[in-house]
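Some notes on the structure that comes next.
2 protein chains.
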Amino acid sequence: MDKTANKDEEEMGSTVCQADSFRYTPIGIVRSPFTDTAGMPIQPAGAKGVRGTIALRPDLTAGLADLKGFSHIILIYAFHRSKGYSLEVTPFLDTARHGVFATRAPKRPNAIGISIVRLISVEENVLIIENVDLLDGTPLLDIKPYVPAFDAFSDAKAGWLDQTAGNAGSVRADERFR
Amino acid sequence: MDKTANKDEEEMGSTVCQADSFRYTPIGIVRSPFTDTAGMPIQPAGAKGVRGTIALRPDLTAGLADLKGFSHIILIYAFHRSKGYSLEVTPFLDTARHGVFATRAPKRPNAIGISIVRLISVEENVLIIENVDLLDGTPLLDIKPYVPAFDAFSDAKAGWLDQTAGNAGSVRADERFR
Chain A
0 MDKTANKDEE EMGSTVCQAD SFRYTPIGIV RSPFTDTAGM PIQPAGAKGV RGTIALRPDL
60 TAGLADLKGF SHIILIYAFH RSKGYSLEVT PFLDTARHGV FATRAPKRPN AIGISIVRLI
120 SVEENVLIIE NVDLLDGTPL LDIKPYVPAF DAFSDAKAGW LDQTAGNAGS VRADERFR
Chain B
0 MDKTANKDEE EMGSTVCQAD SFRYTPIGIV RSPFTDTAGM PIQPAGAKGV RGTIALRPDL
60 TAGLADLKGF SHIILIYAFH RSKGYSLEVT PFLDTARHGV FATRAPKRPN AIGISIVRLI
120 SVEENVLIIE NVDLLDGTPL LDIKPYVPAF DAFSDAKAGW LDQTAGNAGS VRADERFR
C-alpha cells in the first residue's frame with residue numbers, strides 16, 4: 000500500500016507502509032544516562048537502580064491512566080543506532096556464536112528491543128523508570144503492563160543462556176553491535 | 000527519509016521509513032487455528048496446548064541456530080487486523096475503562112503485540128509452538144529467547160490486573176477490538 004494512499008488510516012498510527020511492511024511512529028522518547036553503547040549494561044539486571052525517564056507524546060497522555068498500579072512495565076523500542084544485521088552473532092554473554100533469534104543482540108532483521116523496567120512514578124506524560132538499560136534518545140514504540148500471570152515463567156529453560164544469564168548483572172556492552 | 004532513498008539500508012531490514020517513523024518487514028508468518036478474533040483466547044494462558052507454527056522466511060533460517068534449547072520464546076508481531084486506536088479501552092478482563100498502555104488491547108497507537116509461547120520444535124525454517132493466542136496469518140516481526148533471569152518477575156504488582164489476570168485462562172475475545 001502506498002504510504003500516502005490512506006490519510007485517515009495514517010493519522011491513526013501504525014500503518015502498512017508498503018506491501019508487506021509495517022510502519023510505526025514513536026510514542027515517546029527514553030532519557031537515560033547512557034549516551035554511548037560501549038560500556039552500557041546489557042540488560043535491566045545490569046542496570047539496577049539506574050533511573051531514566053520516558054517523555055510520552057503529550058497527545059497520548061490519556062493512555063497512561065491506571066498504569067501507576069503496575070510495578071513493572073514492558074518497553075518496546077527501536078534499536079535506533081543499530082544498522083544492518085547478522086544471522087549469527089557472538090553475544091556479550093558468550094564467546095561462541097549463536098543464531099540471532101537465540102540472542103537479545105540489537106543487530107536483528109527487525110531492530111526492535113524489549114526491556115522490562117521498574118515503574119517509579121507517572122506524572123502527566125512523564126514516567127520515571129528504574130533499571131534502565133536503554134540508550135538516551137531511544138524511540139519508544141509501545142508500553143505494556145507487566146503481568147506475572149502472563150509473563151513470569153520462572154522454570155523456563157534458557158538454552159545457552161541458562162549458564163550465563165546470571166552474568167548480565169556485571170557484563171558490559173562493547174562496540175561490537177555498532 | 001524517502002523510502003526509496005537508500006536501497007542498501009532497505010535491503011538490510013528495518014529502516015527509517017520517513018522522518019520519525021520506523022518500518023519493519025515481517026520475518027515470517029504465524030499459522031494458528033484462529034481465523035477470527037471473536038472467540039479467541041486473549042492470552043497464551045487461555046490457549047494452553049493450542050499448537051501453531053511459525054514459517055520463518057527461508058533466508059533467515061540461520062538465525063534460528065541454538066534456539067532449540069529454549070522452552071519459551073517471545074514473539075513480537077503486528078496486530079495486523081487492528082485499525083486505529085483508543086487511548087482508553089474496556090479490556091476483555093474488566094468492565095471498567097483503563098488507559099490503553101495499562102492494557103494489552105490490540106488497538107494501540109502502535110499495534111504491536113507480544114506473546115510468550117512454548118517452543119516445541121525447530122526444523123529448518125519451521126517452528127512448532129504451543130499456547131498460541133495469535134490469529135492465523137499474523138505477521139511476525141521478531142523472535143527473542145525467553146530468559147527467566149531477564150524476564151520472570153513473579154512478585155511484580157499488576158495494578159487492576161492483579162485481581163483479574165487469572166481469568167485470562169477462560170475469558171474469550173469478542174468483537175470489540177475489530
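From first to last, the protein sequence lines are chains A and B. All residue numbers for the first sequence refer to numbering that gives the first Met the number 0, where the first residue is 0 and numbers rise by one. All residue numbers for the second sequence refer to numbering that gives the first Met the number 0, where the first residue is 0 and numbers rise by one. All C-beta atoms in this analysis are idealised placements derived from N, C-alpha and C, irrespective of residue type, glycine included.
Item, Value
"Residues bridged to Gly-27 of chain A (per DSSP)", "A:Leu-55, A:Leu-139"
"Within 8 Å of chain B by C-beta, residues of the region 114-148 of chain A in sequence order", "Ile-115, Pro-138, Leu-140, Asp-141, Ile-142, Lys-143, Pro-144, Tyr-145, Val-146, Pro-147, Ala-148"
"Cross-chain neighbours of Val-170 of chain B in chain A, by beta carbon under 7 Å", "Correct list: empty, because the minimum Cβ distance to chain A is about 12 Å."
"C-beta contact flag for Phe-176 of chain A and Thr-36 of chain A at 8 Å", "yes"
"Distance between Asn-124 of chain B and Arg-103 of chain A (C-alpha atoms, nearest Å)", "19 Å"
"Environment of Gln-162 of chain B [buried if 16+ CB atoms lie within 10 Å]", "exposed"
"Proximity test, Cβ basis, 8 Å: Arg-50 of chain B and chain A", "no"
"Alpha-carbon to alpha-carbon, Leu-118 of chain B and Ser-153 of chain A", "15 Å"
"Leu-160 of chain A - DSSP class collapsed to helix/strand/coil", "helix"
"Under 8 Å between C-beta atoms of Gly-51 of chain A and Ile-128 of chain A", "yes"
"Host beta strand (DSSP E) of Ala-77 of chain A (start-end)", "71-77"
"Selection of the region 29-63 of chain B by Cβ proximity to chain A, strictly under 9 Å", "Gln-42, Pro-43, Ala-44, Leu-55, Arg-56, Asp-58, Leu-59, Thr-60, Ala-61, Gly-62, Leu-63"
"CB-CB length for Gly-62 of chain B against Gly-158 of chain A, believed under 8 Å", "With 8 Å as the limit, Gly-62 of chain B and Gly-158 of chain A do not qualify as a contact, their Cβ atoms being about 14 Å apart."
"Identified DSSP bridge partners for Ser-85 of chain A", "The partner list for Ser-85 of chain A (beta bridge, DSSP) is empty, contrary to what the question assumes."
"Asp-150 of chain B, DSSP secondary structure in three states", "helix"
"Phe-100 of chain A in three-state terms, based on DSSP", "helix"
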